[in-house]
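Colleague: Residue numbers (our numbering), protein chains in the order written: chain R, 67 to 625; chain C, 1410 to 1541.
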Amino acid sequence: MYDKEKLDQIKKSKKDWEEKVVNKTLEKYPERLEEFKTGSGDEIDRLYTPEDIEDIDYKEDLGYPGKYPYTRGAQPTMYRGRLWTMRMYAGFATAEESNKRYKYLIEQGSKGLSVAFDLPTQIGYDSDHDLSAGEVGKVGVAIDSLADMEILFDGIPLDKVSTSMTINAPASVLLAMYIAVGEKQGVSSDKLRGTIQNDILKEYIARGTYIFPTEPSMRLITDIFDYCSKHVPKWNTISISGYHIREAGSTAAQEVGFTLADGIAYVDAAIKTGLDVDAFAPRLSFFFNAHNDLLEEVAKFRAARRLWAKIMKERFKAKSEASMRLKFHTQTGGSTLTAQQPDNNIVRVAIQTLAAVLGGTQSLHTNSKDEALALPTEDSVRIALRTQQIVAHESGVTNTVDPLAGSYYIEAKTNEIEQEAMKYINKIDELGGAPRAIDIGYIQQEIMDSAYIHQKEVEGDKRIVVGVNKYKIEEEPPSDLLKVDPAVENLQKKKLDDLRAKRDNNAVMEKLENLGKACSSDENVMPYILDAVKAYATLGEICGVMREIFGEYEQSVRL
Amino acid sequence: MDRPIRVLVAKPGLDGHDRGAKVVARALRDAGMEVIYTGLRQTPQQIVAAAIQEDVDVVAMSILSGAHNHLFPKVVQILKDEGAEDILIVGGGVIPEDDIPGLKEAGVKEIFTPGTATTDVIEFIKNNVKRK
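1. Between which two residues does the beta strand (DSSP E) containing R:H395 stretch?
2. I'd like to check one pair, R:I119 with R:Y474: are the Cβ atoms closer than 8 Å?
3. At the level of alpha carbons, what is the spacing between R:D225 and R:S180?
4. Using a Cβ-Cβ distance cut-off of 8 Å, determine whether R:P543 contacts chain C.
5. Hey, R:M612 and R:F158 are a contact pair by Cβ (cut 8 Å); roughly how many whole angstroms apart?
6. Any chance the region 278–294 of chain R sits against the region 617–624 of chain R, with 3 or more Cβ pairs inside 8 Å?
7. For the region 513–524 of chain R, enumerate the residues whose C-beta is nearer than 7 Å to any C-beta of chain C, in chain order.
8. Would you say C:P1413 lies against chain R (beta-carbon separation less than 8 Å)?
9. Reducing DSSP to helix, strand and coil, say where R:Y309 ends up.
10. How is the beta strand (DSSP E) around R:G274 delimited, first residue to last?
11. Measure the alpha-carbon distance for C:R1395 versus R:R285 and round it to whole angstroms.
12. Any chance the CB of R:K81 is under 7 Å from a heavy atom of the ligand GDP?
13. Select from R:A438, R:R371, R:T398, R:D546 the residue whose C-alpha is nearest the C-alpha of R:M488.
14. Are the CB atoms of R:F291 and R:F346 within a distance shorter than 8 Å?
15. Per DSSP, what are the beta-bridge partners of C:Y1446 in this structure?
16. Sorted by chain position, which residues of the same chain lie with C-beta nearer than 7 Å to C:E1494's C-beta, five sequence neighbours on each side aside?
17. Since R:F324 is in the beta strand (DSSP E), which residue starts that stretch and which ends it?
18. Exposed or buried, what is R:D413 when buried is set at 16 or more other beta-carbons lying within 10 Å of its beta-carbon?
19. Do R:I233 and R:D265 come within 8 Å of each other at the CB atom, strictly closer than that value?
20. Beta strand (DSSP E) containing R:F354: first to last residue?
21. For the region 1418–1448 of chain C, list every residue whose C-beta sits within 8 Å of some C-beta in chain R, in sequence order.
22. Using the DSSP secondary-structure output, state which residues sit across from R:L430 in a beta bridge.
23. Are the CB atoms of R:V298 and R:L258 within a distance shorter than 8 Å?
24. Identify the residues that DSSP records as bridge partners of R:N302: which are they?
25. Would you report the Cα separation of R:K103 and R:R529, rounded to the nearest angstrom?
26. Chain C partners of R:T630, CB-CB under 7 Å?
27. Determine the closest residue to R:P501 out of R:D184, R:K268, R:D108, with distance taken between C-alpha atoms.
28. Where do the ends of the beta strand (DSSP E) carrying R:A182 lie?
29. Beta carbons nearer than 8 Å to chain R: which residues of the region 1495–1521 of chain C have them?
30. Give a yes or no on whether the minimum CB-CB distance between R:R529 and chain C is below 8 Å.
31. Helix, strand or coil, according to DSSP, for R:I245 in the structure here?
32. Under the DSSP definition of a beta bridge, which residues are partnered with C:S1471?
33. Note down the Cα distance separating R:T143 from R:P131, rounded to an integer number of angstroms.
34. Rounded to a whole number of angstroms, what is the C-alpha to C-alpha distance between C:V1530 and C:D1424?
35. With a threshold of 16 other CB atoms inside 10 Å of the CB of R:T91, please say whether the residue is buried or exposed.
36. Chain R beta carbons: is any one of them nearer than 8 Å to that of C:S1471?
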């Protein structure tokens, strides 16, 4: 970005400054630490200058928002045009309870819904399954059949909201239920807007709600890509997630590298089934974490955008610009929250919100201060949402696009994260791609190593966590935590009994049989799942048929 | 003190959060203990079977999904039924303060909540393990 002569002058004057000014200062006042590191443990220089970004070509590496390589943003006007979608992840207990929370969030200014399902739902078991005992309605809402889904969205017009569903292994079933609810409301599937997470690879890596082995799982995913490109064109068919990889302990660069490697695997799989890259790639979306190291995080988001654009253009020969544009949802970092002095978490979430916004996120969930202790209460969720609204309307950072661009440090860091992430992608390519790298435990091992280093640093006081290893106080245990009524489990069981008594069981059997046949063939399973769902087959029954044919994933257990 | 302390680190229930369990497992191993990690989605029966088969001195369980009140006491009960009540049982995860007395009464010796240092877990195990 600078001519050689100017750059030489800068280099020379920097050297001068170091020798004459800095060294003298250091003699008198040594720096606080021997080495300064980012939140991810990368070393940081004292000062960044044009020297650190001398290789940047403005047009090629940064360009303009809404244009390749999208370093500066996915859309041309970013938040001057429209603010990000404030999307609060919520769901607990029964469909009735969660429906109330959604209506509350919409009243409070939330623009999109984000559904949290309980673990039995995420793993394809009905609430009355043995393995569901103790888990029903705990980390999200329990959905056993279309009947629950109808209650969940009662009074919420599906052509007016966009809905994100955190569902992976049984994503096709929940999407089918959503389509069926839409039909009942008179909203055709081409008008539905939203996202299913549908990212099985990171379930194997970090999140744990897998059901089927890799191959049939990838097939289910590409069936969804294909079905949606024809029938649900506004639906984001996958949210390729780095969030959980980061929560499991990865660094920022690993988050980008492993997530984009997963993305590559999905694109590969879809192309292999004969889909045209530009037919499905524009509906791919991403999901990242926002941690506390503000500047490192901003650089991470920018690096992810640029790297994905290059991958789509150069590796997959995408032609449509929409295929190259990385759009992402962000959630603030759950693992950065502390159970100690929970009010401090409000401040952490505010910093992380800034990181996501300065990084150009398309939507954001902010965690609540009490989430290291329990599911959030309505009050703490409101503060978390207000945090976004304050950043949106009071901080001023939304008034110009990508305001940190051109900072010597931000640009140098963006380059560094991109390069480091690319190294991981190359390594995973060498191993045979993400599914293989997961099977042999490579990705899990890398993440675990980073998590362990982090823990050691905190315990060795090399990394300060306010309230945990410094500035501690005696405190009373918090008293106003949300509790899920254990009666929810029995309530769900009773609903299931009623459903099984009321529905046409012959029709259910027939639809499940048809689904089984489709699973064994190479037909797209989506229409068959939709039929079964509409006949009120339960989630457990549908996943049961698929379990029988596809088998179950076996985790590679390593320390 | 001829053989090292043997610990089964277990993930009962459907919860997939295993960062804590794995970090603790590594820390215990680095502290000289022999550690067996079960992996995810273990039923109480599977955990007890593994504990007995591996002849462990300690079972350390982790749950972040809220199912602890159901699953921790179950493991304790089945261990008792199998005559293995001398095994030290500890638990960790996102566990509200209010639930801790009940879990201790059920036989979980200690509950470690978020922010616990691994050194505290190591020390607790060393001080409370009953040698066979």
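Quick reminder that beta carbons are idealized off the backbone N, C-alpha and C, glycines included.
Modeller: The structure says:
1. Numbered from its first residue, the first sequence carries residue 395 of chain R at position 329. 394–398 is the extent of the beta strand (DSSP E) around R:H395.
2. Numbered from 1 along the first sequence, position 408 holds the residue referred to as residue 474 of chain R. Numbered from 1 along the first sequence, position 53 holds the residue referred to as residue 119 of chain R. In this structure, R:I119 lies closer than 8 Å to R:Y474 by Cβ.
3. Translated into positions along the first sequence, residue 225 of chain R becomes position 159. Translated into positions along the first sequence, residue 180 of chain R becomes position 114. Roughly 15 Å separates the two Cα atoms.
4. Locating residue 543 of chain R in the first sequence gives position 477, counting from the first residue. Yes, R:P543 counts as interfacial toward chain C.
5. Indexing the first sequence from 1 puts residue 612 of chain R at position 546. Indexing the first sequence from 1 puts residue 158 of chain R at position 92. With 8 Å as the limit, R:M612 and R:F158 do not qualify as a contact, their Cβ atoms being about 27 Å apart.
6. yes
7. M514, A517, Y518, Q521
8. On the second sequence, position 4 is the one that residue 1413 of chain C refers to. By this cut-off, C:P1413 is not an interface position.
9. Taking the first residue of the first sequence as 1, we reach residue 309 of chain R at position 243. Three-state result, R:Y309: helix.
10. Along the first sequence, one-based indexing puts residue 274 of chain R at 208. Taken as a continuous stretch (DSSP letters only), R:G274 belongs to no beta strand (DSSP E), as it is neither H nor E.
11. This structure cannot speak to residue 1395 of chain C, because chain C is shown only from 1410 to 1541.
12. The model on display carries no ligand, and the ligand GDP is accordingly not part of it.
13. The count along the first sequence starts at 1 and reaches residue 488 of chain R at position 422. Here the closest residue by C-alpha is R:R371.
14. Numbered from its first residue, the first sequence carries residue 346 of chain R at position 280. Numbered from its first residue, the first sequence carries residue 291 of chain R at position 225. Yes. Within cutoff.
15. The residue you call residue 1446 of chain C lines up with position 37 of the second sequence. BP columns for C:Y1446 point to C:V1418.
16. Taking the second sequence and counting its residues from 1, the one referred to as residue 1494 of chain C is at position 85. Cβ neighbours of C:E1494 beyond the five flanking positions: L1488.
17. Locating residue 324 of chain R in the first sequence gives position 258, counting from the first residue. No beta strand (DSSP E) contains R:F324, which is instead part of the alpha helix (DSSP H) from 318–338.
18. By one-based count along the first sequence, residue 413 of chain R stands at place 347. At residue 413 of chain R the sequence reads Val, which differs from the Asp that was named. So R:V413 counts as exposed.
19. The count along the first sequence starts at 1 and reaches residue 265 of chain R at position 199. The count along the first sequence starts at 1 and reaches residue 233 of chain R at position 167. Result no, Cβ atoms of R:D265 and R:I233 do not sit closer than 8 Å.
20. What you label residue 354 of chain R is simply residue 288 of the first sequence in a count that begins at 1. Its beta strand (DSSP E) spans residues 350–356.
21. G1422, L1423, D1424, G1425, H1426, D1427, R1428, K1431, V1432, A1434, R1435, A1436, R1438, V1444, Y1446, T1447, G1448
22. If you number the first sequence from 1, residue 430 of chain R lands on position 364. According to DSSP, which records beta bridges pairwise, R:L430 is partnered with R:M152, R:T396.
23. What you label residue 258 of chain R is simply residue 192 of the first sequence in a count that begins at 1. What you label residue 298 of chain R is simply residue 232 of the first sequence in a count that begins at 1. It is a contact, given that the beta carbons lie within the stated cut-off.
24. Reading the first sequence from its first residue, position 236 is the one you call residue 302 of chain R. Bridge partners of R:N302: R:T261.
25. Position 37 of the first sequence, counting from 1, holds the residue named residue 103 of chain R. Position 463 of the first sequence, counting from 1, holds the residue named residue 529 of chain R. For R:K103 and R:R529, the distance between alpha carbons rounds to 10 Å.
26. Outside the displayed span of chain R (67 to 625) sits residue 630 of chain R, for which this structure offers no information.
27. Position 435 of the first sequence, counted from the start, is the residue given in the question as residue 501 of chain R. Residue R:K268 is the option with its Cα nearest to R:P501.
28. Working through the first sequence from its first residue, we reach residue 182 of chain R at position 116. Looking at the DSSP string, the run of the beta strand (DSSP E) that includes R:A182 is 178–182.
29. V1503, P1505, E1506, D1507
30. If you number the first sequence from 1, residue 529 of chain R lands on position 463. By this cut-off, R:R529 is not an interface position.
31. The residue you call residue 245 of chain R lines up with position 179 of the first sequence. If DSSP states are grouped into helix, strand and coil, R:I245 belongs with the helices.
32. As a position in the second sequence, residue 1471 of chain C is number 62, starting the count at 1. The partner list for C:S1471 (beta bridge, DSSP) reads C:G1501.
33. Walking along the first sequence from the start, residue 143 of chain R turns up at place 77. Walking along the first sequence from the start, residue 131 of chain R turns up at place 65. So the alpha carbons of these two residues sit roughly 7 Å apart.
34. Here residue 1530 of chain C refers to the residue found at position 121 when the second sequence is read from its first residue. Here residue 1424 of chain C refers to the residue found at position 15 when the second sequence is read from its first residue. Whole-angstrom Cα-Cα distance: 21 Å.
35. One-based indexing of the first sequence puts residue 91 of chain R at position 25. The residue is exposed, with fewer than 16 neighbouring Cβ atoms inside 10 Å.
36. For the purposes of this step, residue 1471 of chain C is taken as residue 62 along the second sequence, with counting starting at 1. No, because no Cβ of chain R sits closer than 8 Å to the Cβ of C:S1471.
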